[in-house]
Amino acid sequence: MKQTLLSILIAAAVAAIAPIAAHAQQATPAARQNTPSQIVLSNSTRILTTLENRREEFTKDRVALRQFMTSEFNQMFDRDYSGRLVLGRHGRGASEADVKLFSDALAENLMQRYGASLLDFNTQLKVRVKSESALPGGRGVRVSSEFLRAGGEPIPVDYLMRQVGGQWKVFDVMVEGVSYVQTFRTQFDTPLSQKSIAQVAAELKAGSMQADAAN
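Residues -24 to -1, 1 to 191, numbered by mature numbering (1 follows the signal peptide of the UniProt record, and there is no 0), are exactly what the sequence shown covers, in order.
This is the structure in structure tokens:
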């Protein structure tokens, strides 16, 4: 369950923050307008509403789906910072150009690999925002939430966010403690030990290497 949900949420993170619920079950005091908590709720509502309203179109036209995801992603996801975190030790001393090359290739690969799973996502789930807390070292905030599903235990989903140019953007998504950043840092550690960042990015872009959220 964790790996399947993480795969879908990885696609959702690429689309924006995450497809959590069209309606929040409960908004905490932290979820006031323009706070990270409210951004999580309002953007997920907009994204799921759009997916539902355009489901038939997106099912027939995956290019349109990818364009929608890319637009949302560019607004809400801190692609380059997240990419640098995924690179980890391999990104030390790397140029901004190489980091961007890798970050863009990773995002595009994920959109192609998992984008269609958004259309199969259970939109009947609800979300409860539990808390909003500061990350250590002033790195941003953690918005902690739960997926609420009929007949099942709540699924914890956390969003790590930081301010970029005066806007809150997501740089990591954690499902049941499994991190987007850590998942791909582990996956790409060996390839990046054997090849340059540019080579790995080229293989991701060409599709000869796949980002696998189930790792």
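Beta carbons are placed, not taken as given, at the ideal position from N, Cα and C, and that holds for glycine.
In this text, all values refer to a predicted model and were calculated from it rather than measured experimentally.
Backbone CA spacing between residue i and residue j [nearest angstrom]
i           : j           : result
residue 50  : residue 153 : 25 Å
residue 67  : residue 126 : 43 Å
residue 41  : residue 35  : 8 Å
residue 202 : residue 96  : Residue 202 cannot be examined here, being either before or after the span of the chain that is shown, -24 to 191.
residue 162 : residue 177 : 16 Å
residue 11  : residue 19  : 12 Å
residue 139 : residue 29  : 31 Å
residue 64  : residue 14  : 30 Å
residue 168 : residue 87  : 21 Å
residue 33  : residue 44  : 12 Å
residue 175 : residue 121 : 37 Å
residue 151 : residue 114 : 23 Å
residue 23  : residue 47  : 11 Å
residue 123 : residue 135 : 13 Å
residue 155 : residue 171 : 24 Å
residue 69  : residue 164 : 17 Å
Of the residues the options, the one placed nearest residue i, counting alpha carbons only
i           : options            : result
residue 93  : 31, 172, 73 and 19 : 31
residue 62  : 166, 132 and 183   : 166
residue 17  : 161, 107 and 114   : 107
residue 73  : 87, 173 and 181    : 173
residue 142 : 133, 54 and 80     : 54
residue 182 : 132, 77 and 109    : 77
Beta carbon of residue i nearer than 8 Å to that of residue j
i           : j           : result
residue 105 : residue 117 : no
residue 158 : residue 89  : no
residue 75  : residue 59  : yes
residue 52  : residue 149 : no
Rounded Cβ spacing between residue i and residue j (contact assumed at less than 8 Å)
i           : j           : result
residue 160 : residue 111 : Actually they are not in contact, since the Cβ atoms of residue 160 and residue 111 sit about 20 Å apart, beyond 8 Å.
residue 27  : residue 85  : Residue 27 to residue 85, Cβ: 21 Å. No contact.
residue 56  : residue 79  : 5 Å
For residue i, the three-state DSSP class (helix, strand or coil)
i           : result
residue 171 : coil
residue 8   : Here the model assigns residue 8 a pLDDT of 48, short of 50, so the residue's position is not dependable, and the following value carries that caveat. Correct three-state label for residue 8: coil.
residue 52  : helix
residue 109 : strand
residue 37  : coil
residue 143 : strand
residue 68  : coil
residue 74  : helix
residue 202 : A question about residue 202 goes unanswered here, because the residues of the chain that appear run from -24 up to 191.
residue 152 : coil
residue 122 : strand
residue 161 : helix
residue 104 : strand
residue 22  : helix
residue 138 : strand
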